[in-house]
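I have placed the structure first, in the form of structure tokens, so that the comments after it can refer back to it.
Protein chains in written order, with this note's numbering: chain Y, 387 to 856; chain Z, 519 to 974.
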């Protein structure tokens with residue numbers, strides 16, 4: 387790979403930001419550990435990527451390897467700590483790629499693909515190895531899925547639960563505690579054993595540790611766009627849904643330790659780094675196309691990925707009971723379409739995430755027919771445009787027979803980002819450089835790229851003059 | 519005239535403007551009476567009528583025009599105006615005398631006026647997907663344009679949002695609150711996957727009422743009077759009962775009520791449930807219906823025979839009231855009921871906040887499938903129904919994604935004939951008259967065949 391000196395200069399300010407980060411990521415690895423670290427890392431990458439890339443087989447393997455019962459969890463956020471404390475293993479249910487043959491007996495075609503896929507797979511018997519299924523209700527589609535599931539998939543015990551949307555009020559926090567207690571009671575029934583305070587405490591502690599390691603991984607992986615390209619990054623994170631979290635946390639820690647021994651790749655990376663936002667970025671083919679177009683993931687705001695683990699327990703809740711901890715952590719979450727916020731913070735969150743990860747743009751992976759995400763889009767689009775951040779909007783479904791259109795759009799976006807970088811480099815090379823102050827946003831030249839989308843007005847690739855990103 | 523100037527017109531100026539508009543209140547007898555509230559000319563006209571000669575339809579038009587006018591006047595005076603969802607604890611608003619507008623009512627009126635496309639285009643141009651609820655798209659578009667041929671509603675000073683009708687409103691109103699930088703008071707009513715509303719749900723909802731009161735006091739600068747609340751609760755129950763009683767006259771065969779009228783009067787049960795005028799309106803309506811029933815009169819002025827009785831499941835197709843109505847009437851099919859009457863029959867003991875909390879979580883779409891099916895079976899028996907028309911409303915996933923299973927179970931339990939058609943509440947692009955008419959024809963044939971079998 388040809389070293390690009392100008393990119394080095396450009397990224398020095400960004401490196402400074404990284405060093406100043408207040409995140410608790412432990413980045414130190416001893417010399418003695420380095421010798422072991424890389425082979426271990428490779429083993430962990432191999433194992434986790436296989437699990438993340440083959441969910442059905444992974445769950446089969448999990449089933450064979452443990453006495454513990456398996457509890458399926460629908461999106462978006464499930465009380466995994468409770469499931470774990472009750473002696474069971476949570477298993478994620480994030481859709482699939484089946485052809486729809488049965489689900490349309492229950493839902494019209496304009497149902498989001500994750501729900502449609504879950505229903506299809508449920509009817510076909512894909513989930514028969516699970517001992518129970520928990521459906522948390524966050525949106526109108528989930529309400530109906532929950533009800534239809536009772537008829538469509540009657541043989542697996544169903545545990546519906548409803549999280550509050552008023553998460554931060556005393557009323558909502560009291561309600562969630564009661565709901566969590568009720569759900570734990572149900573889980574104990576399914577599990578056949580009770581959950582002690584100690585077991586619940588330990589489960590929560592394990593999950594906090596796991597979330598911390600996952601944050602550490604994403605923080606460090608963004609420096610390795612070559613070793614951890616988009617699809618691999620996704621598989622490594624997704625593996626968490628099909629493993630005992632204890633084992634996953636350890637393997638991820640070793641993987642990240644190994645990464646730290648390698649020379650960083652960001653400065654020499656010739657492609658462009660983006661933030662992904664949406665429910666999920668699948669199918670795998672989509673991520674492969676991104677890689678082919680030279681796009682790497684700097685950070686994500688995906689419900690399936692970082693939204694699960696980016697929020698740690700707030701320090702003020704540290705001395706509370708475990709139920710209260712879960713409630714407080716849920717209240718602390720934000721910037722998610724499925725979680726009501728009186729003054730929504732999604733746009734702010736994305737802007738900051740782009741800055742923190744030194745990304746060059748945002749790729750919206752709009753899950754087709756996802757109303758909550760569709761409502762958020764116009765609001766954050768405006769905020770990102772005001773911040774001068776390039777944005778690509780893509781409509782995706784889990785099962786896509788042709789991705790040619792997406793390929794064209796991603797290619798175009800990648801070229802746009804490259805062109806912006808070249809202009810920035812040219813500006814930096816022309817003397818004299820201004821001292822430290824960012825240049826104000828110019829009027830800019832908006833250029834609407836033609837798209838093959840049926841909704842051209844929803845795709846907005848904006849080219850603007852801008853200051854270097856701080 | 520700029521949009522802002524138009525918005526700031528005095529009532530007299532607006533009245534003059536509206537009087538020059540094309541559509542009139544009086545329709546031909548066989549047209550569905552569209553409730554288009556912006557009929558100030560009716561307001562002028564009715565001043566010369568005595569109350570005793572005023573029909574409920576005229577009273578309704580006058581009341582709705584007054585309702586919108588009051589909101590505009592309040593805004594002009596600098597008083598806070600609320601935008602609220604349709605099945606909301608309006609008791610709290612009424613107690614503080616807060617002028618309230620219901621965007622769903624407004625969007626429906628815009629749809630009925632056939633001007634929704636303009637607002638939808640505006641919203642879609644802003645990036646809103648056509649997958650989203652068209653009431654939301656119309657309203658979010660209206661927020662930018664602030665000018666319609668129906669009524670003009672003032673922008674809100676705060677939001678009053680209840681999620682019992684759907685979670686979509688949480689997102690829609692979240693955007694309004696963010697864009698307008700205004701407070702959003704939200705009542706989250708968790709979906710009832712159990713048959714009844716669970717106790718911890720009731721506690722949660724009741725606590726939200728209690729949390730809302732100080733916020734409302736702060737916004738309005740008014741003191742919340744709990745004695746007044748009790749009065750409003752009592753009035754709300756009385757009005758709701760009268761609404762229900764009027765709707766129940768349709769049990770008579772033939773029904774004196776043409777069900778499409780339910781769609782019109784619905785605007786008033788939203789806007790006037792906590793008010794005496796609401797009670798009087800429904801009382802008058804019920805009297806008229808009782809008189810018709812006593813005289814053995816059927817639903818239609820031209821005395822077309824009511825041959826079959828159906829339930830309409832879902833929201834009306836507002837831009838297509840006429841064709842949807844006609845295709846039914848031409849075959850003697852009367853829509854005698856829907857799930858709407860019960861949605862606003864919100865009953866509880868006055869003074870009982872727990873009961874009120876439970877009632878606000880108990881509407882049809884917030885209940886589980888078992889309840890929904892039982893509810894429909896009850897209506898089939900009560901109203902002697904021959905068929906059900908399910909409106910697969912592109913805008914309403916909460917109603918749609920249960921329809922197929924509800925349809926199967928109801929057919930299995932009662933043998934009733936049903937059809938589903940594709941439409942939308944306010945997006946004119948998502949309806950095909952041909953498809954609708956074909957489906958109604960199919961329903962007619964099924965109902966006729968069944969009748970022949972029963973007689974033969």
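A virtual CB, placed ideally from N, CA and C, is assigned to each residue, including glycine.
Cβ pair residue i, residue j closer than 8 Å
{"i": "residue 482/Y", "j": "residue 503/Y", "result": "yes"}
{"i": "residue 770/Y", "j": "residue 777/Y", "result": "yes"}
{"i": "residue 717/Y", "j": "residue 559/Y", "result": "yes"}
{"i": "residue 609/Z", "j": "residue 754/Z", "result": "yes"}
{"i": "residue 888/Z", "j": "residue 713/Z", "result": "yes"}
{"i": "residue 901/Z", "j": "residue 938/Z", "result": "no"}
{"i": "residue 473/Y", "j": "residue 579/Y", "result": "yes"}
{"i": "residue 613/Z", "j": "residue 825/Z", "result": "no"}
{"i": "residue 757/Y", "j": "residue 915/Z", "result": "yes"}
{"i": "residue 470/Y", "j": "residue 589/Y", "result": "yes"}
{"i": "residue 780/Y", "j": "residue 640/Y", "result": "no"}
{"i": "residue 904/Z", "j": "residue 853/Z", "result": "no"}
{"i": "residue 665/Y", "j": "residue 521/Y", "result": "no"}
{"i": "residue 637/Y", "j": "residue 434/Y", "result": "yes"}
{"i": "residue 690/Z", "j": "residue 651/Z", "result": "yes"}
{"i": "residue 675/Y", "j": "residue 789/Y", "result": "yes"}
{"i": "residue 768/Z", "j": "residue 804/Z", "result": "no"}
{"i": "residue 671/Z", "j": "residue 701/Z", "result": "no"}
{"i": "residue 737/Y", "j": "residue 775/Y", "result": "yes"}
{"i": "residue 603/Z", "j": "residue 878/Z", "result": "no"}
DSSP beta-bridge partners of residue i
{"i": "residue 597/Y", "result": "Looking at the DSSP assignment, residue 597/Y forms no beta bridge with any residue, so it has no partner."}
{"i": "residue 911/Z", "result": "941/Z"}
{"i": "residue 655/Y", "result": "Looking at the DSSP assignment, residue 655/Y forms no beta bridge with any residue, so it has no partner."}
{"i": "residue 828/Z", "result": "853/Z, 905/Z"}
{"i": "residue 818/Z", "result": "According to DSSP, residue 818/Z bridges with nothing at all."}
{"i": "residue 601/Z", "result": "619/Z, 677/Z"}
{"i": "residue 747/Y", "result": "660/Y"}
{"i": "residue 612/Y", "result": "Beta-bridge pairing links residue 612/Y to no other residue."}
{"i": "residue 681/Y", "result": "658/Y"}
{"i": "residue 936/Z", "result": "906/Z"}
{"i": "residue 687/Y", "result": "663/Y"}
{"i": "residue 752/Y", "result": "781/Y"}
Selected residue, minimal CA-CA separation from residue i, among the options
{"i": "residue 631/Z", "options": "958/Z, 971/Z, 944/Z, 951/Z", "result": "944/Z"}
{"i": "residue 594/Y", "options": "650/Y, 703/Y, 455/Y, 526/Y", "result": "703/Y"}
{"i": "residue 790/Z", "options": "617/Z, 854/Z, 932/Z, 842/Z", "result": "617/Z"}
{"i": "residue 784/Z", "options": "849/Z, 756/Z, 861/Z", "result": "861/Z"}
{"i": "residue 509/Y", "options": "484/Y, 496/Y, 601/Y", "result": "484/Y"}
{"i": "residue 718/Z", "options": "603/Y, 544/Y, 567/Y, 731/Y", "result": "567/Y"}
{"i": "residue 796/Y", "options": "707/Y, 671/Y, 570/Y, 719/Y", "result": "671/Y"}
{"i": "residue 859/Z", "options": "871/Z, 897/Z, 876/Z", "result": "897/Z"}
{"i": "residue 872/Z", "options": "598/Z, 724/Z, 958/Z", "result": "724/Z"}
{"i": "residue 684/Y", "options": "753/Y, 652/Y, 690/Y", "result": "652/Y"}
{"i": "residue 921/Z", "options": "949/Z, 890/Z, 895/Z", "result": "890/Z"}
{"i": "residue 477/Y", "options": "812/Y, 668/Y, 449/Y", "result": "449/Y"}
* At what residue ranges does the region 429–503 of chain Y contain a whole run of the beta strand (DSSP E), taking only runs of 3 or more? -> Taking only runs of at least 3 residues, the beta strand (DSSP E) segments lying wholly in the region 429–503 of chain Y are 455–459, 474–478.
* Those runs of the alpha helix (DSSP H) which lie wholly inside the region 736–810 of chain Z and span at least 4 residues -> 744–766, 778–789
* Entirely enclosed alpha helix (DSSP H) segments - the region 759–791 of chain Y, minimum 4 residues -> none
* Counting pairs of beta carbons, one from the region 765–781 of chain Z and one from the region 722–740 of chain Z, are three or more of them closer than 8 Å? -> no
* To do: Report yes or no: do the region 806–815 of chain Z and the region 780–795 of chain Z share at least 3 C-beta pairs separated by less than 8 Å?
  => With contact defined as three or more Cβ pairs closer than 8 Å, the region 806–815 of chain Z and the region 780–795 of chain Z are not in contact.
* Whole runs of the beta strand (DSSP E) within the region 492–578 of chain Y, excluding any shorter than 3 residues -> The qualifying runs are 518–523, 544–548.
* Asked: Which ranges would you report for the alpha helix (DSSP H) in the region 621–706 of chain Z if only whole runs of at least 4 residues count?
  -> 621–630, 634–643, 652–663, 686–698
* Asked: Is there contact between the region 529–545 of chain Y and the region 692–699 of chain Z, where contact requires at least three CB pairs shorter than 8 Å?
  -> no
* Asked: If you pair each beta-carbon of the region 830–845 of chain Z with each one of the region 793–807 of chain Z, do three or more pairs fall below 8 Å?
  -> no
* Any chance the region 563–583 of chain Y sits against the region 733–743 of chain Z, with 3 or more Cβ pairs inside 8 Å? -> no
* Taking three-plus beta-carbon pairs below 8 Å as touching, is the region 748–755 of chain Y in contact with the region 654–669 of chain Y? -> yes
* To do: Specify whether the region 656–672 of chain Z and the region 637–648 of chain Z touch according to this definition: at least 3 beta carbon pairs, one from each stretch, less than 8 Å apart.
  => With the cut-off at 8 Å, the region 656–672 of chain Z and the region 637–648 of chain Z touch.
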